[in-house]
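Engineer: In the working numbering, the protein residues as written are 361 to 671.
Even for Gly, the Cβ is constructed at its ideal location relative to N, Cα and C.
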């Protein structure tokens, strides 16, 4: 079923904890009960809920939370998973990608408040978070996982401008060492490294545009564009895994012919499908098995996936 993007219910409603009834199968704009200035978009699948995880999609500096919710609603419906897309506003949540509070509540705590509210609305606990973020949202997602590793099952990063390296010798947010902006007294690095991650970036995302952090220290340690920085971060994460005797769980996929554009990544790079295959691998594996078995019966070749993957 194609998700609706208006306010008309298309399926049996869901009774909310506050006495209201939430329609299912539509993208809803919500204000956070404990923080009325905080907005987020919510999608409750029209079909059965098959998962206790919460899928979270985080916008970049364009603040296109609704666009992300609209794109991922179809994919959330297919998985039977609830979707939330927070909107971090320019006033109170400036610097959200670094987990800075700006003039308001720190961004990671806002997401935790949204998670609590969603659990109450659907009368089911949220067991883990499956996270995706694009551009500045990708920065937020991996830093959230760094601070709250036991809440995150898997996460995917789309074309982040720069990263937090798993290096205690570099102060946060460029590394995990102590610094003025560090949001937590302790980091559980092994728990963070244990979470499987996927980084996606267009192979033409090499422009040093106005939104890219071009500080000399970032250029020197991470590279001069989003592709170089993605390669170095994935390499650094897997190197730390190797140092600690852990399996490498961090992958990079490049999207052919695509620059820094969320819509192009979704429509022409199949970023949404790639993200969901990573976040929910059991279902993806089952789908691949079904396709393989069908192909073997029919005697035809398995079509290529048309992707470049490195680890």
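With a Cβ-Cβ cutoff of 8 angstroms, do residue 437 and residue 464 count as a contact?
Structural biologist: To locate residue 437, count along the chain shown from 1; it is residue 77. To locate residue 464, count along the chain shown from 1; it is residue 104. No, the Cβ-Cβ distance between residue 437 and residue 464 is not below 8 angstroms.
Engineer: Might you give, ordered along the chain, the residues of its own chain that have their beta carbon closer than 8 angstroms to the beta carbon of residue 552, omitting 5 neighbours on each side?
Structural biologist: Position 192 of the chain shown holds residue 552. Counting only Cβ-Cβ distances below 8 angstroms, and skipping sequence neighbours, we find 505, 506, 509, 526.
Engineer: So who's on the other strand from residue 561, going by DSSP bridges?
Structural biologist: Within the chain shown, the letter at position 201 stands for residue 561. According to DSSP, which records beta bridges pairwise, residue 561 is partnered with 614.
Engineer: Just list the residues that DSSP pairs residue 391 with in beta bridges.
Structural biologist: Position 31 of the chain shown, counted from the first residue, corresponds to residue 391. According to DSSP, which records beta bridges pairwise, residue 391 is partnered with 399.
Engineer: Distance check for residue 394 and residue 523, CA to CA, integer angstroms please.
Structural biologist: The sequence position of residue 523 within the chain shown is 163, counting from 1. The sequence position of residue 394 within the chain shown is 34, counting from 1. The straight-line gap from Cα to Cα measures roughly 31 angstroms.
Engineer: Could you have a look at residue 530 and say whether DSSP puts it in helix, strand or coil?
Structural biologist: Within the chain shown, numbered from 1, the residue matching residue 530 stands at position 170. Of the three classes helix, strand and coil, the one that applies to residue 530 here is coil, per DSSP.
Engineer: With a Cβ-Cβ cutoff of 8 angstroms, do residue 586 and residue 519 count as a contact?
Structural biologist: Position 226 of the chain shown holds residue 586. Position 159 of the chain shown holds residue 519. Closer than 8 angstroms, so yes.
Engineer: According to DSSP, simplified to helix, strand and coil, what is residue 509?
Structural biologist: For this step, residue 509 is matched to residue 149 along the chain shown. It is helical.
Engineer: Kindly identify the DSSP beta-bridge partner or partners of residue 504.
Structural biologist: One-based indexing of the chain shown puts residue 504 at position 144. According to DSSP, residue 504 bridges with nothing at all.
Engineer: Who are the Cβ neighbours of residue 474 in its own chain at under 7 angstroms, not counting the five residues just before and after it?
Structural biologist: On the chain shown, residue 474 is found 114 positions in, with the first residue counted as 1. Result list for residue 474: 392, 400, 444, 446, in chain order.
Engineer: Less than 8 angstroms between the C-beta atoms of residue 440 and residue 414, yes or no?
Structural biologist: The residue you call residue 440 lines up with position 80 of the chain shown. The residue you call residue 414 lines up with position 54 of the chain shown. Against a cut-off of 8 angstroms, the Cβ pair of residue 414 and residue 440 comes out as no contact.
Engineer: When DSSP labels each residue in this structure, what does residue 604 get in the three-state scheme?
Structural biologist: Counted from its first residue, the chain shown places residue 604 at position 244. Three-state DSSP puts residue 604 in coil, outside helix and strand.
Engineer: Taking the DSSP output, what are the residues bridged to residue 481?
Structural biologist: Along the chain shown, read from residue 1 onward, the residue named residue 481 stands at position 121. Answer is none; residue 481 lacks a bridge partner.
Engineer: Are the Cβ atoms of residue 521 and residue 604 separated by less than 8 angstroms?
Structural biologist: As a position in the chain shown, residue 521 is number 161, starting the count at 1. As a position in the chain shown, residue 604 is number 244, starting the count at 1. Cβ distance not < 8 angstroms, so residue 521 and residue 604 don't count as in contact.
Engineer: Starting from the C-beta of residue 565, find all residues in its chain whose C-beta is less than 8 angstroms away, skip the five residues before and the five after it, and write them out in chain order.
Structural biologist: Reading the chain shown from its first residue, position 205 is the one you call residue 565. Within the same chain, residue 565 has close Cβ partners 519, 585, 586, 587, 618, 619, 620.
Engineer: Considering only the beta carbon of each residue, do residue 515 and residue 419 sit closer than 8 angstroms?
Structural biologist: As a first step, residue 515 must be located in the chain shown, where it is residue number 155. As a first step, residue 419 must be located in the chain shown, where it is residue number 59. The answer is no: Cβ separation not under 8 angstroms.
Engineer: Using CA atoms only, rank isn't needed, just tell me which of 382, 384, 624 is closest to residue 615.
Structural biologist: As a first step, residue 615 is located in the chain shown; it is residue number 255 there, counting from the start. With distances taken between Cα atoms, residue 615 lies closest to 624.
Engineer: Between which residues of its own chain and residue 535 is the CB-CB distance below 8 angstroms, once the five residues before and five after are set aside?
Structural biologist: In the chain shown, the residue the question calls residue 535 occupies position 175. Result list for residue 535: 524, 525, 526, 527, 528, 529, in chain order.
Engineer: Does the Cβ-Cβ distance between residue 579 and residue 486 come in under 8 angstroms?
Structural biologist: By one-based count along the chain shown, residue 579 stands at place 219. By one-based count along the chain shown, residue 486 stands at place 126. Contact flag unset, no.
Engineer: By a C-beta neighbour count over all protein chains shown, 10 Å radius and 16 as the cutoff for buried, is residue 540 buried or exposed?
Structural biologist: What you label residue 540 is simply residue 180 of the chain shown in a count that begins at 1. The residue is exposed, with fewer than 16 neighbouring Cβ atoms inside 10 Å.
Engineer: Mark residue 468 as exposed unless 16 or more other C-beta atoms lie within 10 angstroms of its C-beta, in which case mark it buried.
Structural biologist: In the chain shown, counting from the first residue as 1, residue 468 sits at position 108. Classification for residue 468: buried.
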